[in-house]
Structures are given as C-alpha cells and as structure tokens.
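Asks: Counting from 1 along the sequence shown, just add 19 to a position and that's the residue number in the working numbering.
One structure, as structure tokens, below. Some questions next.
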Amino acid sequence: MNGITIKSILLGIGIIILICLLIHIPNKGYHRVTIVEKYYAANPKNNSKAVGVTTKKKISVPTSTSKPYCAMQFSNGKILDLDCHTYLDYEVKEKVKIKWKGNKLVDIRRK
20 MNGITIKSIL LGIGIIILIC LLIHIPNKGY HRVTIVEKYY AANPKNNSKA VGVTTKKKIS
80 VPTSTSKPYC AMQFSNGKIL DLDCHTYLDY EVKEKVKIKW KGNKLVDIRR K
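Okay, here's the thing in structure tokens:
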C-alpha cells in the first residue's frame, strides 16, 4: 500500500509539472491581430499602386518587385508585404497570429 501511495504522489507531481509547462510555453514572437485590409497590384511595373479590397485605398508598390504585389494591413497599424499565393485564403476581419521581420510577413496563423 505504501508503494502505491508514493507512485500516486509522484504521478500527481508529474502531471502538475506538465500542466505548468504547457501553460507557460512562450508564443515565440507571435502577435495577435485582426486583418484590417488586403492590398493587391496585379502588375507592379505598369501600376505603381496597390489597391485595397474593401476601402479602395491605394498604397505605393516597391519598384523592385516583378511578381504580383500583395500586402495586408493589421489592427496594430502595420502594412506588411507577403506572398500572394500563400496567404490568399485569409479574409478581412479575421483574427490571426503574425510574425514579421522588417516590412515582410514571415508567418501567419489562424487563432
């Protein structure tokens, strides 16, 4: 009976430590934001402006891009460049977690 009690106590302590570790995992630099606007410029060489989907607001496009230019504006005020094909399925007003470096979106995840 004494061995079962010790094993039960050790199991309980192990579960408590596991729960504490799972709760305390760092988010590795992700920020929770909402997508405010999406910008597209089909041909950045001919058209030096990207147009917003919902507001029709225009932003300037970097001249060095040869691919279609896309950007997203987030609730934290940042407008970040991104790959059009990879992030096409995210919608305006969707809550996401983002990671960026400079002016470029590195990673985006749904909540």
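Glycine included, each C-beta is placed from N, C-alpha and C at the ideal position.
1) Using the three-state DSSP reduction, which class does K120 fall into: helix, strand or coil?
2) Hey, R128 and K114: beta-carbon distance below 7 angstroms or not?
3) Determine the burial state of V52: buried for a count of at least 16 other Cβ atoms within 10 Å of its Cβ, exposed for fewer.
4) Quick check on the burial criterion: 16 or more other C-beta atoms within 10 angstroms. Buried or exposed for M91?
5) Go to K77, then tell me how far its beta strand (DSSP E) extends in each direction, as first and last residue.
Replies: In terms of the structure at hand:
1) Within the sequence shown, numbered from 1, the residue matching residue 120 stands at position 101. In this structure, K120 counts as strand in the three-state DSSP scheme.
2) Within the sequence shown, the letter at position 109 stands for residue 128. Within the sequence shown, the letter at position 95 stands for residue 114. For R128 and K114, no; Cβs fall outside 7 angstroms.
3) One-based indexing of the sequence shown puts residue 52 at position 33. When all chains shown are included, V52 counts as buried.
4) By one-based count along the sequence shown, residue 91 stands at place 72. It counts as buried.
5) Sequence index remark: in the sequence shown, residue 77 carries index 58 (1-based). Note, K77: beta strand (DSSP E), K77 to S79.
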